[in-house]
Amino acid sequence: MSATLTPTTAPGSATAAATDRGHWYVGGAMTLVGLYALVAFGLGSRTDDGAKAVFNLNLLGDQAIKVPDLTVPAGPTAIALSLVCVAVGVLRLAVRLTGSRRTAATSAYLVAFVAAFLVWATSGHSLNFTSVLNATVLAATPLILGALCGVLCERSGVINVAIEGQFLVGAFAASFFASVSGSLWAGLVAGCLAGGLLGAMLAVFANRYLVQQVVLGVVINLFAAGLTGFLYERLMQANPEYNKTMAFSAIRIPVLSDLPVVGPVLFGQNAVFYLTVILIAVVQIGLFHTRWGLRTRAVGEHPTAADTVGIKVVAMRYRNVILGGLIAGLGGVWLTIGLNITFNKNMAAGQGFIALAALIFGRWSPLGAVSAALLFGFAGGISVSLQPLETPVPTAFLSMTPYLATIFAVAGLVGAVRAPAADGIPYTKS
Amino acid sequence: MSEQATPAREAAAEPAAGGGEPPEADRFRRLVAQTVAGPPWVVTVLAIALALVVGGLLMIISDPEVTDTFGYFFARPADALSASWSEVSTAYAALFKGAIFNPDAAGSLTEALRPISETLTEATPLIFGGLAVGLAFRAGLFNIGGQGQLIMGAIATTWVGFTLDAPGFVALPAAVLAGLAGGALYGALVGWLKAGPGAHEVIVTIMLNYVAFLLLGYLIGSDVFRDPDNPQPISKPVADAARLPHLFGDSLRVNAGLLLAIAAVVFTWWLLNRSTLGFQLRAVGANPSAARTAGMSVGYGQIMAMTLSGGLMGLVGMSQVLGTANANNALTQQIDAGLGFTAITVALLGRASPVGTVAAALLFGALQAGGREMQAAAGVSIEIVTVIQALIVLFVAAPPLVRGIFRLRGEGGGHSGLLAKGWNG
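As you go down the protein sequences, you meet chains W and P in turn.
For the first sequence, the residue numbers in the UniProt record's numbering are 1 to 430.
For the second sequence, the residue numbers in the UniProt record's numbering are 1 to 425.
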């Protein structure tokens, strides 16, 4: 056990040192970016001459409560929002904020920056903001499910890099079994089970054969990509009846779905989405307020101590990794029959890795991961919505933001990021 | 997944299982066990065999015509068995013909050499990539960012390749070096983030893979790179002078990239086993605390390891652009061909040693070359090759599993060349 303790102590001190410097780095960077926003968004030519930005806030035409369009003068609004960014940056330079104050400052900064950007981008055009939010939710749902899977696995001490593979097998199984049986629910169950099977594979190789878990995840991803690609070409390509376009229909929750702006986005989605919302609550409450959660965290932080008080470490890890697989499988279900898309080779397209990024960015906590997934989903949703606005910003750079944000996070620029202490270290009794 | 018996459990179950089986099988098994139980290559060979068997099973269960014959298996079992046999044997015969030797085309020398040429062509980038991942492994780092580094290498190579108007002896080395530098810089960034702020290299490299991928997509559509004469999103082709020459005539694809790969093997072997820097890298990988106590700079070692590893990955991108892998000798969005990840499996199979990497790259190159023939001649999707490769590595990484399936006794089976390490380590 002493051998496994040494590597965890050394980086701990390194991150502490990084946070000391981080205070200057972050404050300086925030101020500079804020000033850049002021020049580029507020004083640029796009917002000149009293150009207006129009935000449409109704998702559907038949909305019960209609909201009038929000029209703002682009230049002054962007300048005001950029100044908020600069102010927060200067605040970070001047004062060392900790805890919830720092989170509040960072959130205010992000909101102001994104709003300034949106006003600038929409200047002279109109943008349906509710549809951006809707795209955000649609893009974030699989990321949330993947990240929740990661939370279950990694909180109990097993690194899961195979979320991408679990998405793929889940998506394939969901589309295949839904098409063959004609029942969407059969597809959903099959998709979850496929993800769970891959989770079981991960659990066995990680816990019984002690294979290095990152390596294992990479190999399982290759396996899943090859398997689904092979079965797709073998079964689905020639027979479209094995790969039908099917989807859960939207369930509009009465009253709530009529709320302006958030109503249709949060209460007008399909069953898989509501299941996701329930899972967020279950994992968050389960992890921090139940015996199972306490044991899971104990096993992930200090398995030896957990073992001495009678917790079955390896059994706990098996159970959580398989449960996680079921949840990631649901993420795969979302990609096909949740979004009304037929299965295609490699259709997960890196979303499993963004889910992993969301997990890390959210610091291994369910709600943190959900926030990160929503943030990353917003980056995805907005890059689609911006295309008709003819902004000079290439969408490729917007799509990069989740990845760059995660690098900044693990580099300690956004505060210390620490994984569960025993994450990735198999438990063997000696 | 029913046969995952650990050696201990398997030993306990042995008397019961042995009693019910014919004695010849038992004797054969004991013979196998006695002759080949020890060395690790046995596990590798058995892992390859197992993976091919699983691949065959997958072909059988996914073919409706064959599964139909299993519907009346008890009435006419011969139908089902012969259908299965012909399915699998046709596919694997095509695999062999495409990878090693085709008896049907033995008429001309060129045709006889073509399968080997294809195998070597496919193996070239895998050698670079396997060396890259293996080198980082030896320094205790897991370079999962091959995709990104090879894309950056390919971008740099392509840019030099189509801008530099010079004779071959200038243009080709310049383009090769550009690829090396592109990958090395991208790798160095990871090393620096690891050594300085302590960011875990796995997380950073995964993220940088997608940054590079998106940058590639942007560049292909940009005015600097985009080929105006081509409706497809593709870059301008590199100049003829900068391309890697064919080694044995224009009809065989094997090219000078192979010679560079061999040079890279020799260099990496020398670096790891004979140079001071290599010793330092291995010390940092084996025990960072001890290396630090001995006065070595762990951070310097990590940065150097990632720079060299990234440079070798950049050469993968270089060979993708300048070699014969794509007919246009230009950048496309698919230029990476998943090689960054395949390279990881190559390095694992080669146990992170330069010589082992060459063997593993040849094996996977042969599977890739044969897989294309299998798709063309037997109609079995080449995707099965990825499944087989992944299974080989999984089985090799878990020696007790293979020994359990074949009922071999052996010493625990060692580790897969990698120590378990968490995000914090």
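For every residue, glycine included, the Cβ atom is placed at its ideal position computed from N, Cα and C.
{"Asked": "Quick one: which residues of the region 227–243 of chain W get their C-beta closer than 7 Å to a C-beta of chain P? List them in chain order.", "Found": "227, 229, 230, 231, 233, 234 and 235"}
{"Asked": "Can you tell me whether residue 246 of chain P is helix, strand or coil according to DSSP?", "Found": "strand"}
{"Asked": "So which residues of chain P does residue 365 of chain W contact, with C-beta pairs closer than 8 Å?", "Found": "Per Cβ cutoff of 8 Å: no residues; residue 365 of chain W is ~15 Å from chain P at best."}
{"Asked": "Measure from the alpha carbon of residue 75 of chain W to the alpha carbon of each residue in W:38, W:106 and W:221, then state which is nearest.", "Found": "W:38"}
{"Asked": "If you compare alpha carbons, which of W:180, W:197, W:253 and W:287 is closest to residue 236 of chain W?", "Found": "W:180"}
{"Asked": "Measure from the alpha carbon of residue 61 of chain P to the alpha carbon of each residue in W:429, W:271 and W:234, then state which is nearest.", "Found": "W:234"}
{"Asked": "Please say whether residue 358 of chain W and residue 376 of chain W have beta carbons closer to each other than 7 Å?", "Found": "yes"}
{"Asked": "Considering only residues of the same chain and omitting the five flanking positions on each side of residue 219 of chain P, which have a CB-CB separation below 7 Å?", "Found": "155 and 225"}
{"Asked": "Taking C-beta pairs closer than 7 Å, name the residues in chain P that residue 357 of chain W reaches, listed in chain order.", "Found": "207"}
{"Asked": "If you drop the 5 nearest sequence neighbours on each side, which residues of the same chain put their C-beta closer than 6 Å to that of residue 191 of chain W?", "Found": "170, 173, 174, 329, 332 and 333"}
{"Asked": "Could you name the residues of the same chain whose beta carbon sits closer than 8 Å to that of residue 186 of chain W, not counting the 5 residues immediately before and after it, in chain order?", "Found": "177 and 178"}
{"Asked": "Let me check understanding here. Comparing Cα to Cα, which of W:119, W:90, W:122 and W:121 lies closest to residue 109 of chain W?", "Found": "W:90"}
{"Asked": "How should residue 402 of chain P be labelled, buried or exposed, when 16 other C-beta atoms within 10 angstroms of its C-beta is the threshold for buried?", "Found": "buried"}
{"Asked": "As a quick exercise: from W:429, W:352 and W:389, pick the residue whose alpha carbon is nearest that of residue 144 of chain W.", "Found": "W:352"}
{"Asked": "Ends of the alpha helix (DSSP H) at residue 209 of chain P?", "Found": "201–221"}
{"Asked": "Taking Cβ-Cβ distances shorter than 8 Å, what residues in chain W pair up with residue 384 of chain P?", "Found": "226 and 230"}
{"Asked": "At a cut of 8 Å, does the region 355–367 of chain P reach the region 120–135 of chain P through at least three beta carbon pairs?", "Found": "yes"}
{"Asked": "Does chain W have any CB closer than 7 Å to the CB of residue 137 of chain P?", "Found": "no"}
{"Asked": "Distance, Cα to Cα, residue 284 of chain P vs residue 137 of chain P?", "Found": "11 Å"}
{"Asked": "Is the beta carbon of residue 310 of chain P less than 7 Å from the beta carbon of residue 161 of chain P?", "Found": "no"}
{"Asked": "Could you tell me the alpha carbon to alpha carbon distance between residue 298 of chain W and residue 337 of chain W, rounded to whole angstroms?", "Found": "37 Å"}
{"Asked": "Assuming residue 137 of chain W and residue 255 of chain W are in contact, meaning their beta carbons sit under 8 Å apart, how far apart are those beta carbons, in whole angstroms?", "Found": "Contact flag wrong, Cβ pair sits at about 19 Å."}
{"Asked": "Given residue 184 of chain W, which residues of its chain have a CB within under 8 Å of its CB, disregarding the five upstream and five downstream residues?", "Found": "178, 246, 247, 248 and 337"}
{"Asked": "Could you have a look at residue 291 of chain W and say whether DSSP puts it in helix, strand or coil?", "Found": "helix"}
{"Asked": "Just mark residue 496 of chain P as buried or exposed, buried being the case when its beta carbon has 16 or more other beta carbons within 10 Å.", "Found": "The question about residue 496 of chain P has no answer, for chain P in this structure spans 1 to 425."}
{"Asked": "List, in chain order, every chain W residue whose beta-carbon is nearer than 7 Å to that of residue 294 of chain P.", "Found": "Under the 7 Å cutoff, chain W gives no residues; its nearest Cβ is about 16 Å from residue 294 of chain P."}
{"Asked": "Counting Cβ pairs closer than 8 Å, one from the region 273–284 of chain P and one from the region 101–113 of chain P, do we hit at least three?", "Found": "no"}
{"Asked": "Could you name the residues of chain P that residue 399 of chain W contacts, counting a contact when the two beta carbons are closer than 7 Å?", "Found": "214"}
{"Asked": "Can you give the beta carbon distance from residue 400 of chain W to residue 202 of chain P, rounded, assuming they're within the 8 Å contact cut?", "Found": "Residue 400 of chain W to residue 202 of chain P, Cβ: 19 Å. No contact."}
{"Asked": "Is there a Cβ of chain P sitting closer than 7 Å to that of residue 177 of chain W, yes or no?", "Found": "no"}
{"Asked": "Using a Cβ distance threshold of 8 Å, determine whether the region 193–211 of chain W contacts the region 337–346 of chain W, with at least three qualifying pairs required.", "Found": "no"}
{"Asked": "May I have the straight-line CA-CA distance separating residue 354 of chain W from residue 406 of chain W, to the nearest angstrom?", "Found": "9 Å"}
{"Asked": "Say yes only if the C-beta of residue 352 of chain W is nearer than 6 Å to one or more non-hydrogen atoms of the ligand PLP, and no if none qualify.", "Found": "Among the components modelled here there is no ligand, and therefore nothing to report on the ligand PLP."}
{"Asked": "Could you confirm whether any beta carbon from chain P is found closer than 7 Å to the beta carbon of residue 222 of chain W?", "Found": "yes"}
{"Asked": "Take residue 253 of chain W as the anchor and find which of W:198, W:267 and W:363 has the nearest alpha-carbon.", "Found": "W:267"}
{"Asked": "For the beta strand (DSSP E) containing residue 197 of chain P, name the first residue and the last one.", "Found": "Looking at the DSSP string, residue 197 of chain P is not in any beta strand (DSSP E), and its letter there is neither H nor E."}
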